[in-house]
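Here the structure comes first, spelled out in structure tokens, and everything after it is commentary.
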Amino acid sequence: MSSAEISTHHDAAHGEHHGPAKGIRRWLFATNHKDIGTMYLVFSLLMFFTGGFMALIIRTELFSPGLQFVHPEFFNQMTTMHALIMVFGAVMPAFVGLANWMIPMMIGAPDMALPRMNNWSFWILPVAFGILLSTLWMPGGAPASGWTMYPPLVLQTGDAFPFLIFSVHLMGFSSIMGAINIIVTIINMRAPNMTLLAMPMFVWTWLITAYLLIAVMPVLAGAVTMLLTDQFFGTSFFLAAGGGDPVMFQHIFWFFGHPEVYIMILPAFGVVSEIIPTFSRKPLFGHDSMVYAASSIAFLSFIVWAHHMFTVGMPLTGQLFFMFATLLIAVPTGVKVFNWVATMWQGAMTFETPMLFSLGFVFLFTIGGFSGLMLAVVPADIQYHDSYFVVAHFHYVLVPGSIFGIMAATYYWLPKWAGHMYNEKLGRIHFWMSAIFVNVTFFPMHFLGLAGMPRRIPDYSTQFADFNSIASVGAIGFGLSQLLFVYIVFRCVRGDGATATAEVWDNPRGLEWTVPSPAPYHTFEEPPEVTDGKAFS
Amino acid sequence: MSNNRYYVPSESYWPIVGSIGLLFTMVGVSTWLNGSSPAFWLFMLGVTIVVVMLFGWFANVIAESESGVYNAQVDVSFRMGMFWFIFSEVMFFSAFFGALFYARNMSIPWLGGDSNNFFTNLILWDGFESTWPTNGPADVGGEYESMPPFGLPLINTALLLTSSVTITIAHHALLQGQRALLKVFLALTFLLGFIFVYLQGVEYIHAYHEMNLKLTSGIYGSTFFMLTGFHGMHVTIGAIMLTIIWLRVMKGHFTPTKHFAFEAVAWYWHFVDVVWIGLYVFVYWL
Chain A
255 MSSAEISTHH DAAHGEHHGP AKGIRRWLFA TNHKDIGTMY LVFSLLMFFT GGFMALIIRT
315 ELFSPGLQFV HPEFFNQMTT MHALIMVFGA VMPAFVGLAN WMIPMMIGAP DMALPRMNNW
375 SFWILPVAFG ILLSTLWMPG GAPASGWTMY PPLVLQTGDA FPFLIFSVHL MGFSSIMGAI
435 NIIVTIINMR APNMTLLAMP MFVWTWLITA YLLIAVMPVL AGAVTMLLTD QFFGTSFFLA
495 AGGGDPVMFQ HIFWFFGHPE VYIMILPAFG VVSEIIPTFS RKPLFGHDSM VYAASSIAFL
555 SFIVWAHHMF TVGMPLTGQL FFMFATLLIA VPTGVKVFNW VATMWQGAMT FETPMLFSLG
615 FVFLFTIGGF SGLMLAVVPA DIQYHDSYFV VAHFHYVLVP GSIFGIMAAT YYWLPKWAGH
675 MYNEKLGRIH FWMSAIFVNV TFFPMHFLGL AGMPRRIPDY STQFADFNSI ASVGAIGFGL
735 SQLLFVYIVF RCVRGDGATA TAEVWDNPRG LEWTVPSPAP YHTFEEPPEV TDGKAFS
Chain B
13 MSNNRYYVPS ESYWPIVGSI GLLFTMVGVS TWLNGSSPAF WLFMLGVTIV VVMLFGWFAN
73 VIAESESGVY NAQVDVSFRM GMFWFIFSEV MFFSAFFGAL FYARNMSIPW LGGDSNNFFT
133 NLILWDGFES TWPTNGPADV GGEYESMPPF GLPLINTALL LTSSVTITIA HHALLQGQRA
193 LLKVFLALTF LLGFIFVYLQ GVEYIHAYHE MNLKLTSGIY GSTFFMLTGF HGMHVTIGAI
253 MLTIIWLRVM KGHFTPTKHF AFEAVAWYWH FVDVVWIGLY VFVYWL
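Protein sequence lines correspond, in order, to chains A and B. Per my numbering, the very first residue in the first sequence carries number 255; after that it's consecutive. Per my numbering, the very first residue in the second sequence carries number 13; after that it's consecutive.
In structure tokens:
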């Protein structure tokens, strides 16, 4: 019997009403946005710890000068795999999981627009990362070229090479399908009367992010396809002897790569824009300007890619263009930061865990933004390039940026998902430990980079010893702090905390707070009445 | 009224089947590329599973559509989904067009000493002059002839452009309920598509055997075959989709008001057409 028959028998009249399926079917065959969102989040957490474990191998080796624990080849495999896993396995799926859970509830939709494709987007990911992680045990080891996969270095990868390429293809399939689903859901499934500008900021930032994903993931697929054909089929895309250019790969890669970094931060902007108003008990300051700022950031992300390659050789006019375009990003980003601050201004603020993570985000992401401005300046970048300053910069925007955004979102919406409150005291301890250790880990890296320590090298000169051991202690502390996070979430999901009300927080805005906690398996099967869309922004 | 609710399917095993198919495909092709020939059969198994999945999944959707559970809003979701899928395809092609433009306007002139690359040319590639087409300063792949724009490629252009007209006629026939006209012009469209693919094959064989123009012929060969190859692959997929749509028309599917699949395939067909025009201008002609 085909599933076509199953569906037509059961649901011809009304779509779906039943609760979750029993056992493993619920997860393997899932079409429910909440189930798929949960799978994304759990998968992301697993990858977060996998990638984090690799980071700790790196930091352990770098605890003191000299080579003590791992071979340099393996060290390079760790830096490469850590980045690939964190970018594609932890941060992106976490935000897609949040999108799955929250977007239908925030816009008053019964589910995602294309529920079966939603399932496929998720279930490609375990395949992709299974393939990628399996390369660790292959002859020649895992990819060691850095996550940027520059030729000709990446072409020296052993048996892992085609597996690397095809796992990236699979991640691309997954992201593109996920992004199509999100765009279609947002554009087509909003409650009647909810205008585009009335949408909550998290929905807005995800709309823009999804657009970026569809625009650039195929470009990455093209770039790695060229690597594959150069390696196995004798093409000359990145071979100067045949008229190609290895630098061309960098251009194509970063045309993907720069929008990619905004893909990892824009949803966090959205999260913070939801949380700060709730705990300031004021509407978001300048909602519409936030939308325009996020859109401007997305637009600019397409015309700044070569700032990743200032030292590789390009015409002076190219350097100038990419420098000025990059500096321009500070304007819309500044709009956002000032708006968050203005939202808090004269607000009746309280400091629950989601708010603490959001405030940490505003402070620490901005530090990462400032070091980004320093890196955007061509003559300065030539000094900083490929140094630990760069490592400090992008970890400031990714860890207290993206990861704090994800943590904030989890604490903010967890009571809605689980129906119980998490332990507030433990949550605050988790925040403070994370916030302190993240700075202990990454702040010294600025000094290391300015003093000339190169990145992606397992050994270093003794003058860098002190700051490196501080950073390593911080990293281990940060890693251990995240175990507390797992414990808090586990206890909350098990139902240890107080029962959560529908509103959870003090008069928060948004449709998701109008449904009970935990949110029923199906929400908004009938679209809600939205009379004053602005009330939900 | 059943049509008020947005249809949310309860569960489906096709996606997980597709994931398993992709797992076999990717592991198979990777192991095969690493030199293990039996892995080719794992690859083929994976591809077979993916094809079965596509047929099963689409059969599922078609059955639902014919049973009338999709309301107008579902139709809009499908349309938007297809639009954004085609946009992702456009971006995939733009990576390869980007490579072509970069090679022609940047890397080859630089290898020839342009801009501040005087010494690159003098020391590394003395005597290389920037020109297009080229297989690079090291003459990678040996002497070759470049593909002339007139002749077969021009015929192919005419074929594809004609197929764009025939599918539009078929669409109008569908809208006006003229089923006979629809059947004929839809059949004409996919026939033109398959003839295009056949002629492209003839062109490739000619290139390989008579002109020594191969995928390995430096950057010209690389861009020529990758761009036309991916395009040819898309035309093949498009022609198969047209055939399936035609079979559905023969079975009596689609009404003047409800025919998303037809339009989706038509959009896709116009997309491969537009890509071809870009190809014809920048790969064959200029």
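Virtual Cβ for every residue (Gly too), placed ideally from N, Cα, C.
Does the stretch 736–751 of chain A come within contact of the stretch 670–685 of chain A, defined as at least 3 CB pairs closer than 8 angstroms? yes
When you compare each of Y665/A, L282/A, G305/A and P708/A to D640/A by their alpha carbons, which one comes out closest? P708/A
From the DSSP output, read off the bridge partner residues of S421/A. Its beta-bridge partners do not exist; DSSP assigns none.
Taking Cβ-Cβ distances shorter than 7 angstroms, what residues in chain B pair up with S490/A? Those are G148, V152, G230, I231 and S234, listed as they occur along chain B.
Thinking C-alpha only, which one of M502/A, T402/A and I468/A is nearest F99/B? I468/A
For the stretch 402–433 of chain A, enumerate the residues whose C-beta is nearer than 7 angstroms to any C-beta of chain B, in chain order. D413, P416, F417, F420, L424 and I430
Specify the secondary structure class of P774/A as computed by DSSP and reduced to three states. coil
From the DSSP secondary-structure annotation, give me the bridge partner or partners of P708/A. Beta-bridge pairing links P708/A to S641/A.
Tell me the rounded alpha-carbon separation between P145/B and S158/B. 7 angstroms
Are the C-beta of I357/A and some C-beta of chain B separated by less than 9 angstroms? no
If you measure from the beta carbon of Q85/B to each beta carbon in chain A, is any gap under 9 angstroms? yes
For the stretch 508–579 of chain A, list the beta strand (DSSP E) runs that are entirely contained and at least 3 residues long, ordered along the chain. none
State whether the stretch 396–403 of chain A contacts the stretch 447–462 of chain A, with contact taken as three or more CB pairs (one from each stretch) at a distance under 8 angstroms. no
Residue environment, F732/A, which counts as buried when at least 16 other CB atoms sit within 10 Å: buried
Span of the alpha helix (DSSP H) around R313/A: H287 to E315
So which residues on chain A does S127/B lean against when the C-beta distance must stay under 8 angstroms? By Cβ distance, chain A contributes P569.
Below-9 angstroms beta-carbon distance, N435/A vs any chain B residue: yes
Given 8 angstroms, three or more beta-carbon pairs between the stretch 727–742 of chain A and the stretch 692–704 of chain A: yes
Of all Cβ atoms in chain B, is any one closer than 9 angstroms to the Cβ of G362/A? no
Euclidean distance between Cα positions of F95/B and I434/A: 9 angstroms
Integer Cβ distance of F329/A from N722/A, believed to fall under 8 angstroms: The Cβ separation is near 14 angstroms, so there is no contact.
As a quick exercise: from P537/A, T333/A and F523/A, pick the residue whose alpha carbon is nearest that of I232/A. Absent from the model: residue 232/A. The displayed extent of chain A is 255 to 791, so no value can be given.
Host alpha helix (DSSP H) of D87/B (start-end): A84 to Y114
In the stretch 235–267 of chain B, which residues sit with their C-beta less than 7 angstroms from some C-beta in chain A, listed in chain order? M238
Measure how close the beta-carbons of N72/B and Y19/B come, nearest whole angstrom, since I'm counting them as under 8 angstroms. Incorrect: roughly 12 angstroms between the Cβ atoms, too far for contact.
Residues in the stretch 493–515 of chain A having any Cβ partner in chain B nearer than 8 angstroms: L493, A494, A495, G496, G497, G498, D499, V501, M502, H505, I506 and F509
Are the Cβ atoms of H184/B and A278/B separated by less than 9 angstroms? no
Relative to the C-alpha of A170/B, which residue among F272/B, Q85/B, V39/B and W288/B is closest? W288/B
Where the alpha helix (DSSP H) through I621/A begins and ends: T607 to A630
Please report how far the alpha carbon of I529/A lies from the alpha carbon of G614/A, in whole angstroms. 12 angstroms
Outcome for G264/B when other beta-carbon atoms lying within 10 angstroms are tallied against a minimum of 16: exposed
Compare the C-beta of H776/A with all C-beta atoms of chain B and state if any pair is closer than 9 angstroms. Chain B, which has a Cβ nearer than 9 angstroms to the Cβ of H776/A, makes this yes.
Which chain B residues are close to W377/A, counting only those with a beta carbon under 7 angstroms from its beta carbon? P27, I28 and S31
Could you tell me whether any Cβ in chain B is nearer than 9 angstroms to the Cβ of I260/A? Its pLDDT being 38, under 50, I260/A is placed unreliably by the model, and the measurement read from it follows with that caveat. Cβ-Cβ to chain B under 9 angstroms: yes for I260/A.
Report the three-state DSSP secondary structure of H325/A (helix, strand or coil). coil
Restricting to Cα atoms, I'd like to know which of G496/A, P781/A and M609/A is closest to T143/B. G496/A
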